[in-house]
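Student: Numbering (the working numbering), first residue to last: 698 to 1048. Heads up, the beta-carbon is just placed ideally off N, CA and C, and yes, glycines get one too. One structure, pasted below without further comment.
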């Protein structure tokens, strides 16, 4: 029997409480043993067996902790991850990886020097709709792709008072929040772009940071348009792909986020990650000389797949799927998008 990987988590806010802890607990190879809460003991009410500590140093000094999971505000990611790597811990960092690509490159080099696994929590690679989009493209159901569009829209008419993501500080705003998901997915599908162009705005009255972006990654034969906003009250397609042989359009977000927010746990919920039929995507294409139009059943999503891969990489059983190099490229796209929006021009992608 393989010994469980002991996990210490830094922070128990929304990210740690909803997106990390219940998923970690659903992976047999992982055991959440410690949580850093500077004040309060909220994690103990949910996980009474977990030890609460008041600072990161307690985790770094504990030789029995193997993996540090960083779920703190974005501006602190670099220093905590760096300290954890120097303490010979494996590290998972909540997205975005860091604030700058320079910080991301420094952590990447350090992880290789220390021989530790370093990954960024790009759990939406395990969204069912994204898994389905990948399969549609791999099967060449649309022929040569000419357009890819991915939306992550919400409706929240007023900024949330006191929320650090809504304040004018490094790493705040919608581009750093939802941008990493959309960018990472596009880079996995298509690789590094030739050009990056973006329009980044603050649309809400009283907003202190960006709450809208329209970002395009330019490739030789198609563009990948990535959009997110918080003043979108009527649903837009989550994905819209168009090729010379047809189109694939999908509405609705992956159900796993909503399930986690309702307190459901992957390992205890039958049918986890399954999309209801009314939200399956529509394929309209030519296939074998025939015109086909109909629903495509969404592949089941599986957020535990992210952490299972991290565990497998730590045990040497599989290559790491979300690498620090991947996350560094995402940070570079964000930097170029900000510059593009400011200069109102497309910029060549350079790492």
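1) At what residue ranges does the segment 727–769 contain a whole run of the beta strand (DSSP E), taking only runs of 3 or more?
2) Specify the secondary structure class of residue 925 as computed by DSSP and reduced to three states.
3) Roughly how far, in whole angstroms, is the beta-carbon of residue 1026 from the beta-carbon of residue 795, given that I think they are within contact range, below 8 Å?
4) Hey, would you say residue 821 sits closer than 9 Å to residue 927, going by beta carbons?
5) Alpha carbon to alpha carbon, how far is residue 906 from residue 984? Give it in angstroms, no decimals.
6) Here's the rule I'm using: 16 or more other beta-carbon atoms within 10 Å means buried, otherwise exposed. How should residue 848 be labelled?
7) Pair every Cβ in the segment 823–842 with every Cβ in the segment 990–1008, then say whether three or more of these pairs are closer than 8 Å.
8) Given 8 Å as the limit, is there contact between the segment 799–809 and the segment 728–745, that is, 3 or more CB pairs closer than that?
9) Is residue 775 helix, strand or coil when you go by DSSP?
10) Considering only DSSP beta bridges, list what residue 936 is partnered with.
11) What residue ranges within the segment 1012–1047 form continuous alpha helix (DSSP H) runs of no fewer than 4 residues, ordered along the chain?
12) For residue 791, which of helix, strand or coil comes out of DSSP?
13) Check this for me: beta carbons of residue 789 and residue 764, under 9 Å apart or not?
14) If you draw a straight line from the C-alpha of residue 1022 to the C-alpha of residue 1005, how long is it?
15) Are the beta-carbon atoms belonging to residue 1033 and residue 895 less than 9 Å from one another?
16) Is it right to say residue 891 is buried, meaning 16 or more other beta carbons lie within 10 angstroms of its own, or is it exposed?
17) Taking all protein chains shown into account, decide if residue 992 is buried (16 or more other Cβ within 10 angstroms of its Cβ) or exposed.
18) To test your reading of the DSSP string, which unbroken alpha helix (DSSP H) runs of 4 or more residues are found completely within the segment 837–917?
19) Beta-carbon within less than 6 Å of residue 953's beta-carbon, same chain only, minus the 5 sequence neighbours each way: which residues are those?
20) Identify whether residue 810 lies in helix, strand or coil by the three-state DSSP scheme.
21) Is residue 792 near the ligand HEM - that is, is its Cβ less than 8 Å away from at least one heavy atom of it?
22) Indicate whether residue 759 and residue 705 have their beta-carbon atoms separated by less than 9 Å.
23) Is it the case that the Cβ atoms of residue 902 and residue 838 are separated by a distance below 9 Å?
24) Return the bridge partner residues of residue 816 from the DSSP annotation.
Tutor: Inspection of the coordinates gives the following:
1) 727–733, 748–750 and 764–767
2) Residue numbering aside, residue 925 sits at position 228 when the chain shown is read from its first letter. Reduced to three states, the DSSP call for residue 925 is strand.
3) Here residue 1026 is taken as the residue at index 329 of the chain shown, counted from 1. Here residue 795 is taken as the residue at index 98 of the chain shown, counted from 1. Their Cβ separation, rounded to whole angstroms, is 13 Å, which puts residue 1026 and residue 795 out of contact at 8 Å.
4) The residue given as residue 821 occupies position 124 in the chain shown. The residue given as residue 927 occupies position 230 in the chain shown. No. Outside cutoff.
5) The count along the chain shown starts at 1 and reaches residue 984 at position 287. The count along the chain shown starts at 1 and reaches residue 906 at position 209. Their backbone Cα atoms lie some 46 Å apart in a straight line.
6) Working through the chain shown from its first residue, we reach residue 848 at position 151. Flag for residue 848 reads buried.
7) yes
8) no
9) Start at 1 with the first residue of the chain shown, and residue 775 comes out as number 78. Three-state DSSP puts residue 775 in a helix.
10) Within the chain shown, the letter at position 239 stands for residue 936. Per DSSP, 847 and 947.
11) 1021–1040
12) Position 94 of the chain shown, counting from 1, holds the residue named residue 791. The answer is strand: DSSP assigns residue 791 an E or B state.
13) On the chain shown, residue 789 is found 92 positions in, with the first residue counted as 1. On the chain shown, residue 764 is found 67 positions in, with the first residue counted as 1. Yes, they are a contact pair.
14) For this step, residue 1022 is matched to residue 325 along the chain shown. For this step, residue 1005 is matched to residue 308 along the chain shown. Approximately 20 Å between the Cα atoms of the pair.
15) As a position in the chain shown, residue 1033 is number 336, starting the count at 1. As a position in the chain shown, residue 895 is number 198, starting the count at 1. Yes, Cβ-Cβ distance for residue 1033 and residue 895 is below 9 Å.
16) Here the question's residue 891 lines up with position 194 in the chain shown. Under this definition residue 891 is an exposed residue.
17) The count along the chain shown starts at 1 and reaches residue 992 at position 295. With fewer than 16 Cβ atoms within 10 Å of its Cβ, residue 992 is classed as exposed.
18) 871–874 and 876–887
19) Numbered from its first residue, the chain shown carries residue 953 at position 256. Closer than 6 Å at the Cβ level, and outside the excluded window around residue 953, lie 970, 998 and 1000.
20) Taking the chain shown and counting its residues from 1, one reaches residue 810 at position 113. It is helical.
21) Ligands in the displayed structure: none, and consequently the ligand HEM is not present.
22) The sequence position of residue 759 within the chain shown is 62, counting from 1. The sequence position of residue 705 within the chain shown is 8, counting from 1. The answer is yes: Cβ separation under 9 Å.
23) Within the chain shown, numbered from 1, the residue matching residue 902 stands at position 205. Within the chain shown, numbered from 1, the residue matching residue 838 stands at position 141. The answer is no: Cβ separation not under 9 Å.
24) Indexing the chain shown from 1 puts residue 816 at position 119. DSSP lists 789 as partners of residue 816.
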